[in-house]
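A short write-up of the structure that comes next.
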């Protein structure tokens, strides 16, 4: 393939890679599987962080920071968790380099600086955190603990894709401790709701809330809940998970508390996380063949102003109006960029801001100034219109709201059109191949059937949807009884 | 020593450790040399981050994220930098654990999962970043690059102290690329000024801006600038550094650009950073024997309201007024906590908020309600006064401003009283031991003399101060000519 514009219909995967690269979001680094998040991509991630952090704090959580490293003996304490992550751990074994005696200017690992105990670079922090909570919890008065951590984690992946699956990624991980099972379960569900609300209102991506099957659960959890989004190629993407950890970690680290009645019991736990993977979801859910389409709430630049002129005189005329508009829009708390560079032509700028998904472009030429109007182009529909400059600072926020809704509605409509109810395995396989999407089908509840279907079709059970109508039936694969339809899909 | 309150004059170091622990700021973790930053400590760090981030963005910088790991071959490319950090590197050598065949439930490093090339956990990111910039820079149009990164770094330290020196710490590192030497030097100095302004106006710590001697320079820098603060025990603390890296990294990674005239040249670089070490500075600069003293700008809770009551009836009376005051103060963008817990007595709460450095405490009893007043206690001077409730929401912000200034002035006065000019080596040693502080003395400019003085007295040259009056003299140690006085001190 040459470097020409790749359309989604040509090769969705290549389209995605090119978009991430061309829109300056991220790139591969010299470290296998690790990415560099470029400033524009990071600015989007920062907006996500700010909003999530606000939501976490509004629900009573505080931030803290725990070590990057987990001593092997702690890592292996919760056996299921350890088993689940053992195959993808980066391991620190030495703490010093020394000069290579055979190779001037080069360094080698100093064999004398071998650690007594290896350190695992955290793939997730339950072990180190529960080992810490052990010292913080004596009685019910010390509970609940509602802590979140923003951090980097490492899971050694063989096949990586920018944002979707990288060896190192950025995330937040909430780790809470509770006196009762009910309270821990309530927290698990509450944070699932926070994620769903964030995805829908902020990222404009409709999600299905559900419960994972036992096969797909987080290693060490008693129950895993998730939000699942649908990408434009018909594949599902897990956008966030919230785990009810039961007393597993409390037992592994012997974390007990004295209740009001003086009785001792193990502490109940949850953990929940979303990561830079959300960047992949955002990109794939909305973007088109011309580039990113960013919901206004998450766009680092919401409005770009491009002056159109042929002479210095025209520039002066246009420039004054542009600066005035910028000031008025910024007063409305909008993020506005005025691109008055004379090194690039308007056409080049139009393409650039389309590629970068800036929601509204305002172009102003000398004739617009004469007519007291501006040309508005919205990124989502590509519609252009001429708007009077009068009261523009109130029309633009309104238009951005409309766009946010439109982007969400479009994704919702696509998602809803791509949930296919099937009653036979042949229909299942047919729909899965074309058009794809979520396949709603009866399943007998066994891991065995789930695995067979996965082997034969590559589809996994994305979730057992919550809030779904309960309808009994028979498993499409085994013919055994089923209590409820579940959602299958191919997934990222 | 028993667990009784340790005073600064008893044992400054123990006082510091106890304060960090008792005020719930941080604690040691199960990983040697790594700390857990607890929620209250992290909340202070978040306030620092927010303000610094705002200042970086206001000076044209953007954030990005680069990998945690540095392949050994990149790490060793800039030889001085590599040499400087080689002895304190955590090294990842393997990427998988496996079940221990001899020990059920235990894991061992899988010898078959040895990396072809070892990965260094970043002690600083020049190497990985300049290897990336190489691909971003072709011409002068690609310059300057003004990027900052918020990240964790690891430097294997044998002797650690919470916040001041830990194996893993949090920091920000700015890495900029420029077309000219002048521009890079201007950036280096500009960021030094940003750090100084942050330290003085936000942390209320007066700092001395200066240049490091060659011995004390960052490994790989042509010039290192620093801000130095003075702690209450008379020791100096380096609070931030800004490095002029010359073309060293550009040459090591072959990063060249084509200038306006078409000529190719190596790119000029800077890097600059502050870390969670600033937490140590903040704690040691202002706190007293009763606990933290936080400047109002950095305090997570600026005002705490404690109700005083003996009956339900009294509580109702006091509660209404307290809630009203809270609302009025929050409208002024103050961070207010209303501690109406009935599980703790007022006296306990008073001690707790003194320990945690909450700037203003408002106590309200039934008689205060009758008299339409409240009792105010300010943390810095311990003064109490009765204030009319009328217009309280405007008096409190004013008082907080006064306190911010008072805390700074106190630290400034202490610092200025503890800069001692000496003209002989015996006077130098005398002053260094008692009372300590900065010793301003003539030095012959050689690393040899510097090292000798360090060996004999443990004092290092903290910096060659900028903006100082230039006064010729003779070196206190060698008697050779000296162009300017420099500042010596014992340091953290």
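Chains as they are written, first to last, in the working numbering: chain V, 1403 to 1894; chain Z, 1403 to 1894. Where is the CB? At the ideal position from N, CA and C, for every residue including glycine.
Is residue i near residue j, with beta carbons less than 8 Å apart?
i, j, result
"residue 1676 of chain Z", "residue 1574 of chain Z", "yes"
"residue 1548 of chain Z", "residue 1539 of chain Z", "no"
"residue 1863 of chain Z", "residue 1467 of chain V", "no"
"residue 1700 of chain Z", "residue 1449 of chain Z", "yes"
"residue 1736 of chain V", "residue 1798 of chain V", "yes"
"residue 1824 of chain Z", "residue 1841 of chain Z", "yes"
"residue 1865 of chain Z", "residue 1619 of chain Z", "no"
"residue 1576 of chain V", "residue 1673 of chain V", "yes"
"residue 1890 of chain Z", "residue 1870 of chain Z", "no"
"residue 1630 of chain V", "residue 1596 of chain V", "no"
"residue 1348 of chain Z", "residue 1627 of chain Z", "For chain Z, the structure presents residues 1403 to 1894; residue 1348 of chain Z sits outside this window and is missing."
"residue 1508 of chain V", "residue 1691 of chain V", "no"
"residue 1579 of chain Z", "residue 1671 of chain Z", "yes"
Taking only three categories from DSSP, how would you classify residue i?
i, result
"residue 1682 of chain V", "helix"
"residue 1404 of chain Z", "With a pLDDT of only 45 at residue 1404 of chain Z, under 50, the local geometry of the prediction cannot be trusted, and the value read off the model is given with reservation. Looking at residue 1404 of chain Z - three-state DSSP - the assignment turns out to be coil, as it is neither helix nor strand."
"residue 1541 of chain Z", "strand"
"residue 1486 of chain Z", "helix"
"residue 1780 of chain V", "strand"
"residue 1770 of chain Z", "helix"
"residue 1564 of chain V", "coil"
"residue 1386 of chain V", "No information on residue 1386 of chain V is available, as it lies outside the stretch 1403 to 1894 that chain V covers here."
"residue 1610 of chain V", "strand"
"residue 1689 of chain Z", "coil"
"residue 1427 of chain Z", "coil"
"residue 1905 of chain V", "Because chain V spans 1403 through 1894 in this model, residue 1905 of chain V falls outside it and cannot be assessed."
"residue 1694 of chain V", "coil"
"residue 1860 of chain V", "coil"
"residue 1641 of chain V", "strand"
"residue 1873 of chain V", "coil"
"residue 1735 of chain V", "coil"
"residue 1519 of chain Z", "strand"
How far does the alpha helix (DSSP H) with residue i in it reach, from first residue to last?
i, result
"residue 1455 of chain Z", "1441-1460"
"residue 1586 of chain Z", "1583-1599"
"residue 1653 of chain Z", "1650-1654"
"residue 1709 of chain Z", "Residue 1709 of chain Z -> not in any alpha helix (DSSP H); beta strand (DSSP E) instead, spanning 1705-1709."
"residue 1525 of chain Z", "Neither: residue 1525 of chain Z is in no alpha helix (DSSP H) and is coded neither H nor E."
"residue 1818 of chain V", "1794-1819"
For residue i, count neighbouring Cβ atoms within 10 angstroms of its own Cβ and tell me buried if that reaches 16, exposed if not.
i, result
"residue 1528 of chain Z", "buried"
"residue 1689 of chain V", "buried"
"residue 1773 of chain V", "exposed"
"residue 1434 of chain Z", "buried"
"residue 1555 of chain V", "buried"
"residue 1499 of chain V", "buried"
"residue 1403 of chain V", "Because the pLDDT of residue 1403 of chain V is 40, which lies under 50, any placement of that residue in the model is unreliable, and the number read from its coordinates should be weighed accordingly. Exposed, because fewer than 16 other Cβ atoms sit within 10 Å of the Cβ of residue 1403 of chain V."
"residue 1892 of chain Z", "buried"
"residue 1495 of chain Z", "buried"
"residue 1904 of chain Z", "In the structure displayed, chain Z extends from 1403 to 1894; residue 1904 of chain Z sits before or after that span and is not available."
"residue 1679 of chain Z", "buried"
"residue 1704 of chain V", "buried"
"residue 1793 of chain V", "exposed"
"residue 1437 of chain V", "buried"
"residue 1872 of chain Z", "exposed"
"residue 1835 of chain Z", "exposed"
Just curious, the beta strand (DSSP E) that residue i is in, first and last residue?
i, result
"residue 1739 of chain Z", "1738-1740"
"residue 1550 of chain V", "1547-1556"
"residue 1602 of chain V", "No beta strand (DSSP E) holds residue 1602 of chain V; DSSP gives it neither H nor E."
"residue 1660 of chain Z", "1658-1660"
"residue 1500 of chain V", "1499-1501"
"residue 1572 of chain V", "1570-1580"
Any heavy atom of the ligand FMN closer than 7 Å to the Cβ of residue i?
i, result
"residue 1407 of chain V", "Among the components modelled here there is no ligand, and therefore nothing to report on the ligand FMN."
Worksheet entry | chain Z contacts made by the region 1468-1483 of chain V, where a contact means CB separation under 7 Å | 1468, 1469, 1470, 1471, 1473, 1474, 1476, 1478 and 1481
Worksheet item: When you check each C-beta in the region 1744-1755 of chain V against every C-beta of chain Z, which residues fall closer than 8 Å?
Response: 1745
Discussion item. Short of 7 Å Cβ to Cβ, which residues in the region 1430-1441 of chain V face chain Z?
Written reply: 1431, 1432, 1433, 1436, 1438, 1439, 1440 and 1441
Worksheet entry | Against chain V: residues of the region 1665-1697 of chain Z by CB proximity under 8 Å | Across the region 1665-1697 of chain Z, no CB contact with chain V closer than 8 Å is found for any residue.
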